[in-house]
Structure formats: C-alpha cells, structure tokens
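One line per chain: the protein sequences are F and L, in this order. Each residue of the first sequence is one higher than the one before, starting from 1 at the first, in the working numbering. Each residue of the second sequence is one higher than the one before, starting from 1001 at the first, in the working numbering. Built from N, CA and C at the ideal position, the CB exists for glycine as well. Values in this document were obtained by computation on a predicted structure and should not be read as measured data. A short write-up of the structure that comes next.
There are 2 protein chains.
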Amino acid sequence: MATEHDNAACATGKIRLYVEADLVAEAAAGLSPDQSHYLVNVMRLEHGAPIRLFNGRHGEWQAELTRAHKRSSIATVRTQTRPQDEVPDLQLWFAPVKRVRLDFLAQKATELGVAAICPVMTRRTNVSRVKDGRLRANVIEAAEQCGRLTVPDVYDATTLEKILVSSDRQVMFCDEGEGVSPARDALASATKGPWAVLIGPEGGFDAEERAMLRAHPSVVAVNLGPRIMRADTAAIAALTLWQAALGDW
Amino acid sequence: MATEHDNAACATGKIRLYVEADLVAEAAAGLSPDQSHYLVNVMRLEHGAPIRLFNGRHGEWQAELTRAHKRSSIATVRTQTRPQDEVPDLQLWFAPVKRVRLDFLAQKATELGVAAICPVMTRRTNVSRVKDGRLRANVIEAAEQCGRLTVPDVYDATTLEKILVSSDRQVMFCDEGEGVSPARDALASATKGPWAVLIGPEGGFDAEERAMLRAHPSVVAVNLGPRIMRADTAAIAALTLWQAALGDW
Chain F
1 MATEHDNAAC ATGKIRLYVE ADLVAEAAAG LSPDQSHYLV NVMRLEHGAP
51 IRLFNGRHGE WQAELTRAHK RSSIATVRTQ TRPQDEVPDL QLWFAPVKRV
101 RLDFLAQKAT ELGVAAICPV MTRRTNVSRV KDGRLRANVI EAAEQCGRLT
151 VPDVYDATTL EKILVSSDRQ VMFCDEGEGV SPARDALASA TKGPWAVLIG
201 PEGGFDAEER AMLRAHPSVV AVNLGPRIMR ADTAAIAALT LWQAALGDW
Chain L
1001 MATEHDNAAC ATGKIRLYVE ADLVAEAAAG LSPDQSHYLV NVMRLEHGAP
1051 IRLFNGRHGE WQAELTRAHK RSSIATVRTQ TRPQDEVPDL QLWFAPVKRV
1101 RLDFLAQKAT ELGVAAICPV MTRRTNVSRV KDGRLRANVI EAAEQCGRLT
1151 VPDVYDATTL EKILVSSDRQ VMFCDEGEGV SPARDALASA TKGPWAVLIG
1201 PEGGFDAEER AMLRAHPSVV AVNLGPRIMR ADTAAIAALT LWQAALGDW
C-alpha cells in the first residue's frame, strides 16, 4: 500500500491496490484488513470513492468502494483501464543485506521491472534468514506505486551453487576483478531471453565462488566502473543497464 | 565516516578518511573530533594503527595513528598509495526529497561518480530547505567508503529557471511524457563534455517547466521505460546510463 505517496495518490484519485480476486466487470473484490484500514482510516475514503485494482492476471480496473469498513471493505469492479501486460523475463538474484537495505532493494527492483527476486546465500553473506513476508509486502507496495500490472515473484532463499545448477538462464555477474568487460559492451553483444542479474554480498564473492562463476557457461561477467559500489547500488545499476540493452526501456 | 562497513573496514585495515590537510610524506594530519571519536571509541584503534587519508588534491596516502585521542587524534602521513584522479564532469541536479531519501540520493550519486550535486527547487518541490551540512556529511562518508579520491561539491540550492540560464552544460532530462527517445538511444548520439542529470520532484515537473525544458537547446529529454520510478530510482538509473555511455565505466 502507498505510504509516502499518500497525498499524491489522494489528490489524483489514483490509489492502486493489488488484490487476489478475479477482476471482471461488476465483481465484488474483498479488501484485506490492512487495505481496508489504509483506505478508510488513513486515506479517509468513503462509500463510492474510486480506486484502481490489479491482480497480475486481468489488467487494471477502475473500481468503486461499495463498502467502506475499517477492517473489511469491498470494492466493486467497474471498467478495465489497462489490459494485462508482462515485464521482461529478468530476475534479481541477490545476497541478502540488512533489513532496511533489503526493503529498499526489493522496492527498487520492482520499479525497475524485474519478474522475480531470489535471495541467494553466499559464503560471505552475513544475513542468515530472510523474511519472505516482508519481501513480499515490499514488492507489492512498490508494484502498486509504480503502475505495474504484475507483482514480482519472491522465491525462497537458496544457495549460489544450487541456483547455478538448477537454472538455465543467462546470468549477468557484476565482477570487481581485473580484465572484465564494461557492462555496456558485454550487454551489447548479449542475446535476449531469460536473464538474471547476480549481486554479491557487501565484501563480494570469495575466490572460489568467483572462479565457479567465471567458469560457468551461462555467466557473463561485467564491470560497473572504477568505484566500489554498495550491493544495492550495484543491483540498481545492473538492472538499469540490462533494461536499456535487452529489456523494455 | 564509515558506519555500516565498520567491521569490514576494521578487518581489512582499510579505514579511509577525508581530511582537509595537505598530504605529503611525514606530515601530521589533525583529525576532527568526530573522526577521532570514530577511530578511538568506535573502531578502538590504538597508537600505530594504519589508516588511509585523502583530501581531494594529493591522492591517497597510507598513514599511521600517532596520537590516539578520543577528541583530537593525529595521523602521520607515510607513503602515497594512489595518485590523485578525477571523476567525469557530471553533476546531479535534483529536486530535494524528504530527508532519508535525500541522504540516500547523495550517497548513491557519490558512488556513481558525480562531480557535484545541486538541489534545484521546482514548482512541485515540497521541501523548502535543504541542509547543506547534512548533504556534505553524506557525500564525504560515501566518498570514504567507495574509494573515491574526490568528494563531490555540494552547491547551494537554486531554482530551475536560474540554473538553466546560468549553466552551459548539457542536461539529461528524464521526461515521462510521450514521444521521448529511450535514454540509451539519446545518449548514443550525445557528445562528451560537461553534463548534468536533472531529476524532478515526486509528481514531476509541471507543464510550464516541461515546456521550458523541452525548448532549451542544451536539454536532452530521455525516457526511462514504461514504469513510474521514484525520483531517487530515476536518478540512479540516469546516472548509470550516463556513466556507461559517456563516463568512465
């Protein structure tokens, strides 16, 4: 749900909510307790107020608040405002960072149009556990705000070894080592298709991990310039370059 | 000063501090009360501990803590570890956002190698005042952490009209409107030289501002894809694409 954008959302009547329900004309979509609280208590919407709904399957719909209740509101679906679309098949594989930066990373990756995010444990990862629910809440909120019609999938945490073995997508690996092509050049000669951007932990991958990555046939090592970037900055930069070269920008 | 990287910095002996003093072999550099507190109280460094210093003019130097005092430490400069270098002549002009996002934006712009940042007031800017000192502290901390040898200049806040009149640099304007070239294409045909990336407030520029920008001969409007990005995300994406196309990546 929108938080910092509350005023803007209110002024323009463009509150967008993600729901699980099927969206067809005149359907009644039940809103969760959190959504109801947000609409009725925070945004002070009343019966008849317009909102927009999407569910990742049926596009975006104009709807009307037909039961304004602080715990169990209902919206009645009116007309479709946008047909369903898809984002490019790009995943973000990231070594989990601390909480606030993880929230931030999930939000930014959503804005940048990833199809899925997957926490990947590496040898230097300091975070032992990732709260899936929190990641999920972050990608939903960001999808609501950035106008997406899909919410990125949030996969269970796995290890670097496992994800490399089980995946057949191409992997853009941001490597701080010597002799690595600039990202722009590497992407200019890359082929479209399913991709993942892989971001290591603060402190980077260890030597064995880097050797494994460099030897993997689907991994493309890229360089992101002469300065040391934090993991979240590197992730945003890499996703940006991928979208500009191979995605929908 | 480093904060979240404390452990990593400590383990590797790679604490880097920005100082004002001239850096030459055997010079004594006085450290500020904040720096002294950080080294002695937080990092528990003792007499003889190695640190690195830079001042934006004389490269990076290995130094040694020769007075470990919690309010007024002194480091003695030993040998140069890197000669001075420069970042590309890229500025970030941004409509100020709320505090936490502003800290974040200043840090990220520094990691992404900007030479200067300048707050620009626009009609929809909700923030009336920018704390220069806070911006400055953020760019110094980020420069220390990301290995830069310069600290971005922080200019006084100005208005969009004034900065467009007084500057002769090319301006990359991230425009959500119709008929705007993708950033990658626009940058591919752009010429090197002094540039600025201009990022509007949440809610965007108003119609008159956009018309003024589009009519300005030095402004290049670019499109950053089909999703709505927050101002800070758009800034990072735009700086990334500029560095890849025209900068030092």
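Inter-residue Cα distance where the pair is residue 148 of chain F and residue 1227 of chain L: 7 Å
Quick one, are the C-beta atoms of residue 255 of chain F and residue 93 of chain F less than 7 Å apart? Because chain F in this structure spans residues 1 to 249, residue 255 of chain F falls outside the shown range and cannot be described.
Is it a yes or a no for the stretch 129–147 of chain F touching the stretch 1012–1029 of chain L, going by three-plus beta-carbon pairs under 8 Å? no
Contact with chain F by residue 1113 of chain L, beta-carbon distance below 7 Å: yes
Identify, in the order they occur along the chain, each residue of the same chain with its Cβ nearer than 6 Å to the Cβ of residue 79 of chain F, setting aside the five sequence neighbours on each side. 62
Nearest to residue 1142 of chain L by CA position, among L/1154, L/1109, L/1051, L/1239, is which residue? L/1109
Element boundaries [beta strand (DSSP E), containing residue 92 of chain F]: 90–94
Would the beta-carbon of residue 174 of chain F fall within 7 Å of that of residue 127 of chain F? no
Under the assumption that residue 1081 of chain L contacts residue 1060 of chain L (Cβ atoms under 8 Å), give the Cβ distance between them as a whole number of angstroms. 5 Å
Which chain F residues sit within Cβ distance under 9 Å of residue 1146 of chain L? 227, 228, 229, 230, 233
Between residue 182 of chain F and chain L, is there a C-beta pair that is closer than 7 Å? yes
Taking Cβ positions only, does residue 1243 of chain L come closer than 7 Å to chain F? yes
Does the distance from the CB of residue 219 of chain F to the CB of residue 171 of chain F come in under 7 Å? yes
So what does DSSP say about residue 239 of chain F, is it helix, strand or coil? helix
Report the rounded CA-to-CA distance for residue 176 of chain F versus residue 235 of chain F, giving the unit in angstroms. 13 Å
Local conformation of residue 1033 of chain L per DSSP, three classes: helix
Which residue spans inside the stretch 1047–1109 of chain L form an unbroken beta strand (DSSP E) run of at least 3? 1050–1054, 1060–1067, 1074–1082, 1090–1094
Along chain F, which residues have their Cβ under 9 Å away from the Cβ of residue 1224 of chain L? 240, 243, 244, 249
Which same chain residues, not among the five before or five after residue 1040 of chain L, have their C-beta less than 7 Å away from its C-beta? 1068, 1069, 1070, 1073
So who's on the other strand from residue 1172 of chain L, going by DSSP bridges? L/1197, L/1220
Does the ligand NAP have even one heavy atom less than 6 Å from the beta-carbon of residue 1029 of chain L? The ligand NAP is not among the ligands present in this structure, which contains no ligands whatsoever.
Whose CA, out of L/1097, L/1106, L/1053, L/1096, lies closest to the CA of residue 1084 of chain L? L/1053
Does the Cβ of residue 1100 of chain L have 16 or more other Cβ atoms within 10 Å, making it buried, or fewer, making it exposed? exposed
Within the same chain, show all residues whose beta-carbon is closer than 7 Å to that of residue 247 of chain F, passing over the 5 residues directly before and after it, in chain order. 88, 90, 113
Just to make sure I have the definition right: I need the residues of chain L whose C-beta is within less than 7 Å of the C-beta of residue 108 of chain F. Which are they? 1233
Leaving out five residues before and five after residue 1125 of chain L in sequence, what residues of the same chain have Cβ atoms less than 8 Å from its Cβ? 1095, 1096, 1201
Identify whether residue 1187 of chain L lies in helix, strand or coil by the three-state DSSP scheme. helix
Put residue 1003 of chain L into one of helix, strand or coil per three-state DSSP. Because the pLDDT at residue 1003 of chain L is just 42, under 50, the model does not fix this residue reliably, and the value given afterwards should be weighed accordingly. Coil.
Whose Cβ in chain F lies nearer than 9 Å to the Cβ of residue 1236 of chain L? 108, 233, 236, 237, 240
Mind reading off the beta-carbon distance from residue 153 of chain F to residue 116 of chain F? Whole number of angstroms is fine, and I expect it under 8 Å. 4 Å
Please go through the same chain and pick out, in chain order, the residues whose beta-carbon is closer than 8 Å to the beta-carbon of residue 265 of chain F, but skip the five residues on each side of it. Any property of residue 265 of chain F remains undetermined from this structure, which presents chain F solely from 1 to 249.
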